[in-house]
Each structure stands twice: as C-alpha cells, then as structure tokens.
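Notes follow once the structure below has been shown.
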Amino acid sequence: MESANNHQVGPAANAGEAGPPGDGQGRNLVELVQRTAALARLELSAPELEEMAAQFGRILEQFAVLSELDVDAVEPVRGRAREQDVTRGDTVTPSLAPEKLLERAPQVEDGFYAVPKTVLRAGAEHDKGGSSALTPGEDRA
Amino acid sequence: MSAPTETTWVPVIGLEVHCQLKTASKIFCGCANRFGAPPNTLTCPVCTGQPGALPVLNDTALDLALRAGLALDCELASVSRFDRKNYFYCDLPKGYQITQYEVPFASGGGIELANGKHIRLTRIHMEEDAGKAIHDRGTHTLVDLNRAGVPLIEIVTEADMQSAAEAFEFLGLLKERLRFAGVSDCDMEKGSLRCDVNVSVHLPDEPWRTKVEVKNLNSFRHVRTAIEHEIARQISAYESEDPSRQPVQETRLFDVDSGTTRPMRGKEDEGDYRYFPDPDLVPVSASRERLEEQRRLLPELPAQRRERYVSEWRVGAREAAILTADRPLADFFEATVRALAENEGGAQAAAKWLTNDVLRIVGEQGTGSLSDMPLTPGQLARVISLVEGGELQRKGAQCLLARLITEGGEVDSLVVELGLAAVTDDGQLRAWCLAALAGRESVAAQVRAGNEKAIGALMGPVMGSSGGRADPARVRALLLELIREDGP
Ligand SMILES: [Zn+2]
Numbered sequence: 449m450e451s452a453n454n455h456q457v458g459p460a461a462n463a464g465e466a467g468p469p470g471d472g473q474g475r476n477l478v479e480l481v482q483r484t485a486a487l488a489r490l491e492l493s494a495p496e497l498e499e500m501a502a503q504f505g506r507i508l509e510q511f512a513v514l515s516e517l518d519v520d521a522v523e524p525v526r527g528r529a530r531e532q533d534v535t536r537g538d539t540v541t542p543s544l545a546p547e548k549l550l551e552r553a554p555q556v557e558d559g560f561y562a563v564p565k566t567v568l569r570a571g572a573e574h575d576k577g578g579s580s581a582l583t584p585g586e587d588r589a
Numbered sequence: 002m003s004a005p006t007e008t009t010w011v012p013v014i015g016l017e018v019h020c021q022l023k024t025a026s027k028i029f030c031g032c033a034n035r036f037g038a039p040p041n042t043l044t045c046p047v048c049t050g051q052p053g054a055l056p057v058l059n060d061t062a063l064d065l066a067l068r069a070g071l072a073l074d075c076e077l078a079s080v081s082r083f084d085r086k087n088y089f090y091c092d093l094p095k096g097y098q099i100t101q102y103e104v105p106f107a108s109g110g111g112i113e114l115a116n117g118k119h120i121r122l123t124r125i126h127m128e129e130d131a132g133k134a135i136h137d138r139g140t141h142t143l144v145d146l147n148r149a150g151v152p153l154i155e156i157v158t159e160a161d162m163q164s165a166a167e168a169f170e171f172l173g174l175l176k177e178r179l180r181f182a183g184v185s186d187c188d189m190e191k192g193s194l195r196c197d198v199n200v201s202v203h204l205p206d207e208p209w210r211t212k213v214e215v216k217n218l219n220s221f222r223h224v225r226t227a228i229e230h231e232i233a234r235q236i237s238a239y240e241s242e243d244p245s246r247q248p249v250q251e252t253r254l255f256d257v258d259s260g261t262t263r264p265m266r267g268k269e270d271e272g273d274y275r276y277f278p279d280p281d282l283v284p285v286s287a288s289r290e291r292l293e294e295q296r297r298l299l300p301e302l303p304a305q306r307r308e309r310y311v312s313e314w315r316v317g318a319r320e321a322a323i324l325t326a327d328r329p330l331a332d333f334f335e336a337t338v339r340a341l342a343e344n345e346g347g348a349q350a351a352a353k354w355l356t357n358d359v360l361r362i363v364g365e366q367g368t369g370s371l372s373d374m375p376l377t378p379g380q381l382a383r384v385i386s387l388v389e390g391g392e393l394q395r396k397g398a399q400c401l402l403a404r405l406i407t408e409g410g411e412v413d414s415l416v417v418e419l420g421l422a423a424v425t426d427d428g429q430l431r432a433w434c435l436a437a438l439a440g441r442e443s444v445a446a447q448v449r450a451g452n453e454k455a456i457g458a459l460m461g462p463v464m465g466s467s468g469g470r471a472d473p474a475r476v477r478a479l480l481l482e483l484i485r486e487d488g489p
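Here the protein sequences line up with chains A and B, keeping their order. Counting from 1 along the first sequence, just add 448 to a position and that's the residue number in the working numbering. Counting from 1 along the second sequence, just add 1 to a position and that's the residue number in the working numbering.
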C-alpha cells in the first residue's frame, strides 16, 4: 500500500471526493472500504480506495443472491456439525521453544516481538483488560 | 433561576471487571497460565494465532467460570457459545479475541453492600486474555504473548453505584468472594484483576446524561481516584455551560501520575468489532452434574462465615472480620476450633490467639502468610489447651508460638526443650517472692496500710525471675500472704 502520512481515516473523511460523483451507492461503498481499512490499520490512497470500492461492490452483489433465499424456517448453524462440549483437561503441555516462533517475526528485541510504536504515551505501559482495541489512530507519529 | 450546586448532581457508576481464572493451563491450549515467566516462553501455535491451529476449551476454565457465577448468585445458561471480537492491535495475534457475546454463560446476580444496597450484575462471560504490549522501552513497542490466551471472566455490573466509595466497596466484596471460591487470585498488581469504570452524572428526576468509560485502572485506589476525578470533571463541565467542554461519549485513560483522565482517541464502536460466532469452537453446556459439582466445591462465603462465627461461636465482630479476610486463615481458624471441640469457649480462645498473637508473629516475619508457615491448627489447639490447663503461661505460649511459626516442631517437647512449663511449685514461687520483698520494705508497708495497688512494684521482679512462667494471680496471692504474715 502506498503510504500517505496525512491521509485521514474514518467514515466521513474525503468520502465526497473519493466516490463517483452523484453516485450514492458508490460513495457508501467508499466509506465502507475506508472504515474497514482504518479498522484493519491499512492506509489506502485515493485511487486504491476507488479500486477496492469497485471490487467490494461486485463481491457484495454476488453475496446479495443469498439474501433472496427464504431461511426463516432454518435453524442457524453454529460451529462444526452439531457437536457440543468438546473440551480438554487442564493439563500443561510444553510450549514451543520461543526461537521457533520468534524466528518468524520481522523483528525481535530481548525475546519480545518488536513492532512499530503503537501508543505514544510517555512512561506508561498500556496494560488493560483483555478486551477492546486501543488507540487505533494513535498508531503513527 | 440559579445554577444547580454541586451537591445536587447524582453520579451513576457501572463497572467492568476482568478477572483471570486460576487454571494450570491457558483457556484454549496447553501452555502454562503463569505470571512472570521470561517473555514469549509460554506460547504455542494456538495462542500465537498460527494459521490452522485449533482452540479447544479448557474444562477447568469452564468449571471455575461456572463457580464464579454460583458465588455471585447468577443465572447460568444451560448452553453458552463463543464469538470472535475483531480488532487489530499488536497484543492480539489472531486479529480477533475469542469471547462470549451473544450467549454469555451467566447473567443476573449481584452483591449486597453494607448499606443494604444491591448491586446487580448484567452478565459474566468467558474470554481469552490478550498479550502484553510495552511501550516505554526503546524505539519499538515490545510484545510478550505469555498472557495471550489466559482464561478470563468479564463481570459487567448495572450502573447501580452512586459514589467512588460504593464502587470501592463493591470491588472489595467481589474480590473476597472470587478468592474464597478459589476462582482467581484477584491480584491487581499481577493483573489478575482489572477494572474499567463507566461514569455519568445527572440531575435528580432528569434522564441520565452521557456515559464516559475510564480505562487503565491498575489498583483499587486508582479506581477510586479516577471515579472521583471523573465525577468532578463532568459536573464542572456541565456547570460551566461551555459548549466546548460538554462531556461526550468516549473512552478516557486514567493517568496515574496526575490522578486525572484524558481522552483516548479513535476507539472502535461496538459495531466495529464485527462479532460473529467462532466456527472453531462448539457450544458448551453447563450440565446438571457439572453445576452440582461446582456447587459442592463452592465454600461457604465470607459474609456467611462471619455471621456464623459471631452468632454461633460468640466470636467478636472485629475478630470475625479479620479471620475471614482470606480463606486459608478462615479455614485454619475453623480447623483449630474443631480441634478444641472439647474445650469450653474454644472458638473465642482460638479467635483471640490467632488475631492477637499468631498474626502478629507471622507479620513480624515480613514475608509469607500463615499458610506458608509450619504451624498447624492442631498445634495451636494444643498450645491453647496447655494455657487453659495452667501448664503454660501467656508469655511462654507466645514464645512457643513464635518457635512453631518460624521453625516448627512438636509442642510438648518444645515446652521442655525451651523450659517454658509454668512453674506451679509454691516453694519456688515463694522463694522468688521473698527475694523481691527483700529491700522493698516501703512497698510492703504501703500494702499493709491498705494500698493494694502498690503490689505492682513487686510483681515485675517476681515475673522476671520466673521468666514469665509464673501465674500472675498466684504470685499476687502469695505476695499478699507473705506481706501480711510479716506484718506487725
Ligand atoms: Zn499456547
């Protein structure tokens, strides 16, 4: 992806100019792609956005066929087959040697995965609950 | 009309508490669930999200979650399921967190505060913990995935609390229950208990206003400070009527150093998480047998124990509170009482000795708790019996307990070895008394003149000579006898 440092992400950003003029459907798609890209931490240039929006449109159109089917009487399927209660005992098994996993990482420091700075906050280790994302949007200087 | 004053605003507070379950292994793989290991040494293809790796639910994680639900009086779902919560952050290797969204395993339930107010729970769900991202070392963010996949329950309350003090009390009671139930260590320092708060304020009889979430609270004290700060911030913003300061629905981070909160930019909206059923995991059922087993393993909870100690065993309320502060101590106390079943007032004696002497001596060791020490309930019961039988004086008993707590040993042989047996031989006691009287004629004269209190000046030397092994009441009686015999 082309880097665009001052490119704004978010549903409203540049939606008007990026979508095909006067085409409501197209603009919605561009917004959708933009929002999805922001959530996935991807930066798309304006031409890329347009290209993706067009591709998204075709994919969604194909899937729209499914919504024509009447599934009111069908039980939703969750998980594999109709199995239930597949569990394991609480037994510790050996972990993988750290080198095995770390050797796949682009960068390693002192046994840690080293990634681009994702939170800009002086002197704080961000250690929060196991839920929720943190500070998307604060992920670059 | 004058502007409303600060006192008229009503705070509304709800909590989201994450609590790590005390399992041996992680929730979906066999890596150890252990704090403090070198980075990335407790990981495998499943918890690092390698392609094709399949999660399988840990039985015990389910059991402990259900037990937590029982301990908090929740309604337990007969079948619960797992969903994927999608977001991208460096501590989450799969790009999604496995959690329970649509069908949590528990709902309802709650905890009653001392003022009688019932704080309701909305739900409890199971999920996996994320890894740890460290931002303050060098040029990169460093990621440790040892914590990724540690089993968690998230407890969500209704917005039933109205002050920082109520939230603080609720957390204390919650922690106490989960620890007693053996579900979690609830150690905020080690991150096994973490808390986010939702705060808003409104005027009486008016609808609730904008809710603000505060994250990054790593201690009970921080929870209290953050809530107090947030209430004050919102009230002052509303009262300023400055449009630029009006609270907006957002997530704020607590700043430990300043004790204030500040906005966290760009957090996802609920819809952005694109929850959907995890196709890798099948539904789990809370069968009747499983629930019965967990009900059986659920110990009597602290509030019930306190009540029983006071009403059945006539233990003081303050002592009962100390004894139920943690489960090993309460269990130790009860075992001691059982060993003293023959003794009249055994429970009161055990409560006194434990809260006064045993805990003091344990505290003086600086590290460890009673359960780390060699002293057994049977030994404490024996010491108490010896004191009650007059074979051991208080001071000797304290000395003996110190030895039993620090080094252990056998009670009766230590009494001999350390020379602690009470001196009951009147001949010996009389000799110590005479020695104390020698050269203290004036004291004897005062006593004879009717000032019995003066005898205190003689007690000290006698008790000193005995090395604390004499019965003070007997010494006093003997001294009086000798002074009167000797009198004019
Ligand atoms: Zn693992």
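Don't be surprised by glycine CBs; every beta carbon is placed ideally from N, CA and C.
With hydrogens ignored, establish whether the beta-carbon of residue i is closer than 7 Å to any heavy atom of ligand 1.
i: T535(A); result: no
i: K191(B); result: no
i: V47(B); result: yes
i: C20(B); result: no
i: T539(A); result: no
i: C75(B); result: no
i: K27(B); result: yes
i: C400(B); result: no
i: T42(B); result: no
i: S286(B); result: no
i: C32(B); result: yes
i: G150(B); result: yes
i: S543(A); result: yes
If I measure Cβ to Cβ from residue i and keep anything under 7 Å in the same chain, skipping five residues before and after, which residues do I get?
i: E113(B); result: H119
i: P378(B); result: F333, A336, T337, A340
i: I226(B); result: It should be pointed out that residue 226(B) corresponds to Thr in this sequence rather than to Ile. If we look at T226(B) and ignore the five residues flanking it on each side, its Cβ neighbours are G260.
i: S26(B); result: C32, A33, N34, N59
i: H223(B); result: F255, V257
i: T539(A); result: none
i: K176(B); result: C187, L194
i: L459(B); result: A437, L438, R441, V444, L480
i: R68(B); result: A182, V184, Q295, L298, L299
i: Q380(B); result: L405, V412
Evaluate residue i with the Cβ neighbour count: other Cβ atoms within 10 Å of its Cβ, from every protein chain shown; 16 or more gives buried, anything less gives exposed.
i: P303(B); result: buried
i: H19(B); result: buried
i: S220(B); result: exposed
i: K491(B); result: No answer is possible for residue 491(B): the residues shown for chain B start at 2 and end at 489.
i: E290(B); result: exposed
i: S543(A); result: buried
i: A382(B); result: buried
i: Q366(B); result: exposed
Using only alpha-carbon positions, find the residue among the options that is nearest to residue i.
i: D130(B); options: Q163(B), I154(B), L402(B); result: I154(B)
i: P205(B); options: T226(B), I28(B), T9(B), L58(B); result: T9(B)
i: I362(B); options: I406(B), R441(B), A439(B), K23(B); result: I406(B)
i: G53(B); options: R307(B), D281(B), R383(B); result: D281(B)
i: A160(B); options: R178(B), K176(B), Q366(B), V202(B); result: V202(B)
i: W354(B); options: I323(B), V416(B), R449(B); result: I323(B)
i: Q394(B); options: S467(B), D145(B), L299(B); result: S467(B)
i: T252(B); options: A331(B), K216(B), P244(B); result: K216(B)
i: P473(B); options: G391(B), R441(B), V384(B), A321(B); result: G391(B)
i: N147(B); options: A331(B), R306(B), G192(B); result: G192(B)
i: Y239(B); options: L430(B), T211(B), P56(B); result: T211(B)
i: W209(B); options: H230(B), E242(B), P248(B), C196(B); result: P248(B)
Using a Cβ-Cβ cutoff of less than 6 Å, which residues in the same chain neighbour residue i once the five nearest sequence positions on both sides are dropped?
i: V463(B); result: W433, C434, A437, V476
i: M500(A); result: V481
i: N116(B); result: none
i: E170(B); result: L114
i: R328(B); result: F181
Cutting at 8 Å between CB atoms, please list the residues of its own chain near residue i, excluding the five before and the five after it.
i: Y88(B); result: G96, Y97, Q98, E269, D273, Y274
i: P469(A); result: Per-residue confidence for P469(A) stands at a pLDDT of 40, beneath the threshold of 50, marking its modelled position as unreliable; the derived number appears in the next sentence. Contacts found: none.
### Task
Would you list, in sequence order, the uninterrupted beta strand (DSSP E) runs of no fewer than 3 residues that lie entirely inside the stretch 7 to 70 of chain B?
Complete beta strand (DSSP E) runs here, min 3: 11 to 21.
### Query
Which whole runs of the beta strand (DSSP E) in the stretch 107 to 195 of chain B are 3 residues long or more, in chain order?
If we require 3 residues or more, the beta strand (DSSP E) runs fully inside the stretch 107 to 195 of chain B come out as 111 to 113, 119 to 129, 133 to 135, 141 to 145, 152 to 158.
### Query
Hey, which unbroken runs of the alpha helix (DSSP H) at 4 residues or more fall wholly within the stretch 329 to 395 of chain B?
The qualifying runs are 347 to 353, 360 to 365, 378 to 389.
### Task
Identify every run of the alpha helix (DSSP H) within the stretch 284 to 315 of chain B, keeping only runs that are complete inside it and at least 4 residues long; order them along the chain.
Every alpha helix (DSSP H) of 4 residues or more that sits fully in the stretch 284 to 315 of chain B is shown, in chain order, as 289 to 298, 303 to 312.
### Length at least 4, wholly inside the stretch 208 to 254 of chain B: the alpha helix (DSSP H) runs in chain order
Whole alpha helix (DSSP H) segments, 4+ residues: 221 to 241.
### Query
In chain order, which alpha helix (DSSP H) runs of at least 4 residues are fully inside the stretch 467 to 539 of chain A?
Runs of the alpha helix (DSSP H) inside the stretch 467 to 539 of chain A: 472 to 487, 494 to 512.
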